[in-house]
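Residue numbers (this note's numbering), protein chains in the order written: chain A, 80 to 335; chain B, 80 to 335; chain C, 80 to 335.
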């Protein structure tokens, strides 16, 4: 039983299909991560081992963290950058096999850093899906100049095609900083008209919005609802985000 | 015995009546919090479970953290936002009872998010006090626009009335960000004339200044002294703040 | 064996002579620090107990942390500010003795906060060296105004003299913030011409660049190479920095 349960509604139970939270693990120690999940694991749906961080950690260390996260009914996965490096080095088969050996059941397919043709990306989504992975795919570029070349209609086309090809959810790139990328301007403020345009064309539940900063989280919760899917949440902000969703922090009290 | 004890004066012992440090816990895991207190608990007087974070944590988890903090002679309390939600939902009796069952002996009364008339707020302070709680009350609004409507003389009146009504200390709101609120401008710099005006009208020891950023902590220590009461200190900065107080960090070496 | 080892080259083994990473510990709990080192200790060469933080921690607590870090083949040392305070209080002999009792084998000699003449600083480097310590020395002032008085040629002279006097490496000051100090402008961007001038006059391997922010780490890795020595790395960013060095994060994929 939660404390002060008469002040707040019960949480939805996992596995959830909306109101998803995807958390970024940049390299937490095992014990620290476990201590954090004991207090906040209920509110984490996806856990991303950021970019290529797993490739500099011991196999056994990663496997134990994967098991630990799964014991909290969380879906861990490897940051898309590592997939891209495997693609670039023509080592996709080894990549998928290693991910499986480590216990990952979810895979992110992205092209944030390298150039992959649309058709090739779609093929990778299908391939991962056929191998039995849950697939998340990501739309957006990590480089500001490259990203600015991608107009909003292209983004929407990509989202639709990738969903059709088998992606469970499409992640909209915002990096760890949440600035100057995708729908965020240089100050990290959302571009309202682009958000509206996306929502007009895509089912809200198909998208996970990367929203690392609190003002962005507040924005999406107030605009779209408490059950919006949000990603790249810092491990320090898991509890804060859930209080925002439930109207338990000043920014959203009485508004959700 | 402290290491290098010949380079620094001994710390004051708790319970202290000035030089208080109030730390913000946004949702630390139990083991991580305990590990931190073992190294820095001597320098923490109040520990705030931020806003409504307790309402999404298990009763037993919160009670154990409360006990753990108390074992380090720290006074834990629940962020004022949760009191405000209880007030709004007409569940104050349940709120005070639950806080007591969880082991809290200190209560924060605030009106940062909702509208409570001055008289009602004073009544709440008295009520909590009569129930045997140590009361902290907070002056200031979390919303920038609402907060800007509160002029400095009104703030001073509120501080005086709340102190008279039984508040142990009055907290001056600055939120987690320390910007655009109360005595801080949009860059987080203190408005010197307002600080001076407050100090002219209120005993310095009656106030806890929320000062989450290092430059703000340095400012208050150099202006008011090492024994200034400071709040909303990030759990990561407990040790840093104490070194600032003791002249053991560049910013205050030879100046305190 | 590392996971996904077919996507990344093996790490160099410690003790390394270049590609060094110096991490800042602002006061981590023992268990939290140990948990972090188990996952990332391979990538830490020097561990700085920041400024005077050790002087407010129990002797036994510090000694245990020193031993723990050394068990991971890391060289722990005390922030230079504490040396400066000892110098100011004419307690250098006690300072060196206490550092040794605590298990430190490396000492930082700096004059970031107080005025020490060049000759005196050189003497301190020699003294520490003669006592058997590995010496790191630091060039730069913590105060913006004081630091701006130090021109680039003076910095280079100091680096050369201190290296000759026995410093293992020379640290270039940037503080925890990385802004408005030394080679960084008010936004934390490196001044390219000053970096070039230093590199023209000093062996790159003699320097540890304090570079607390990610854009600074990316800058130095792309400009100087993956084996650049970097310092004041936040404990949260150890893994991230190593992925930047190895081309496993978007910013450096395919570029190192």
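The beta carbon of each residue, even a glycine, is placed where N, CA and C say it ideally should be.
Tell whether a beta-carbon distance below 9 Å holds between residue i and residue j.
| i | j | result |
| --- | --- | --- |
| residue 145 of chain C | residue 317 of chain C | no |
| residue 192 of chain C | residue 213 of chain C | no |
| residue 322 of chain A | residue 110 of chain B | no |
| residue 333 of chain A | residue 167 of chain B | yes |
| residue 274 of chain B | residue 305 of chain B | no |
| residue 136 of chain B | residue 153 of chain A | no |
| residue 208 of chain B | residue 178 of chain B | no |
| residue 319 of chain C | residue 120 of chain A | no |
Measuring alpha carbon to alpha carbon, tell me which residue in the options is nearest residue i.
| i | options | result |
| --- | --- | --- |
| residue 260 of chain B | B:305, B:143, B:224, B:243 | B:224 |
| residue 300 of chain C | C:170, C:328, C:314, C:276 | C:328 |
| residue 169 of chain A | A:236, A:203, A:152 | A:203 |
| residue 122 of chain C | C:137, C:128, C:90 | C:90 |
| residue 279 of chain A | A:295, A:196, A:238 | A:238 |
| residue 92 of chain B | B:115, B:330, B:151, B:208 | B:151 |
| residue 183 of chain B | B:198, B:115, B:147, B:190 | B:147 |
| residue 293 of chain A | A:267, A:171, A:240 | A:267 |
| residue 287 of chain A | A:246, A:315, A:265, A:256 | A:246 |
| residue 265 of chain B | B:84, B:227, B:314 | B:227 |
| residue 229 of chain C | C:95, C:173, C:197, C:174 | C:197 |
| residue 68 of chain C | C:210, C:82, C:140 | Within the shown structure, residues of chain C are numbered from 80 to 335, placing residue 68 of chain C beyond reach of any answer. |
| residue 190 of chain B | B:324, B:234, B:173 | B:234 |
| residue 82 of chain B | C:141, C:114, C:236, C:263 | C:141 |
| residue 277 of chain A | A:149, A:231, A:313 | A:231 |
| residue 314 of chain C | C:113, C:97, C:165 | C:113 |
Using the Cα positions of residue i and residue j, report the straight-line distance between them to the nearest angstrom.
| i | j | result |
| --- | --- | --- |
| residue 282 of chain B | residue 200 of chain C | 45 Å |
| residue 205 of chain C | residue 180 of chain C | 20 Å |
| residue 160 of chain C | residue 254 of chain C | 11 Å |
| residue 216 of chain C | residue 188 of chain C | 5 Å |
| residue 156 of chain A | residue 297 of chain A | 26 Å |
| residue 104 of chain C | residue 158 of chain C | 10 Å |
| residue 284 of chain A | residue 251 of chain A | 13 Å |
| residue 162 of chain C | residue 331 of chain B | 15 Å |
| residue 86 of chain C | residue 222 of chain A | 22 Å |
| residue 236 of chain A | residue 242 of chain A | 10 Å |
| residue 95 of chain C | residue 174 of chain C | 28 Å |
| residue 97 of chain A | residue 88 of chain A | 16 Å |
| residue 143 of chain A | residue 263 of chain B | 46 Å |
| residue 195 of chain A | residue 164 of chain A | 11 Å |
| residue 127 of chain C | residue 149 of chain A | 35 Å |
| residue 240 of chain B | residue 324 of chain C | 58 Å |
| residue 84 of chain B | residue 84 of chain A | 47 Å |
Would you mind giving the Cβ-Cβ distance between residue i and residue j, rounded to the nearest angstrom? I have them listed as a contact below 8 Å.
| i | j | result |
| --- | --- | --- |
| residue 99 of chain C | residue 125 of chain C | 7 Å |
| residue 311 of chain B | residue 291 of chain B | 5 Å |
| residue 308 of chain B | residue 248 of chain B | 7 Å |
| residue 295 of chain C | residue 326 of chain C | The Cβ separation is near 18 Å, so there is no contact. |
| residue 138 of chain B | residue 80 of chain A | 5 Å |
Does the beta-carbon of residue i have 16 or more other beta-carbons within 10 angstroms, so that it is buried, or is it exposed?
| i | result |
| --- | --- |
| residue 133 of chain C | buried |
| residue 176 of chain B | exposed |
| residue 219 of chain C | buried |
| residue 302 of chain B | exposed |
| residue 338 of chain A | This structure gives no information on residue 338 of chain A, because the portion of chain A shown stretches from 80 to 335. |
Quick check: is any heavy atom of the ligand SAH less than 8 Å from the C-beta of residue i?
| i | result |
| --- | --- |
| residue 80 of chain C | As far as ligands go, the structure on display features none, and thus does not contain the ligand SAH. |
What does residue i touch in chain E if you count any residue whose Cβ is under 8 Å from its own?
| i | result |
| --- | --- |
| residue 161 of chain A | In the structure shown, chain E does not exist; the protein chains are A, B and C. |
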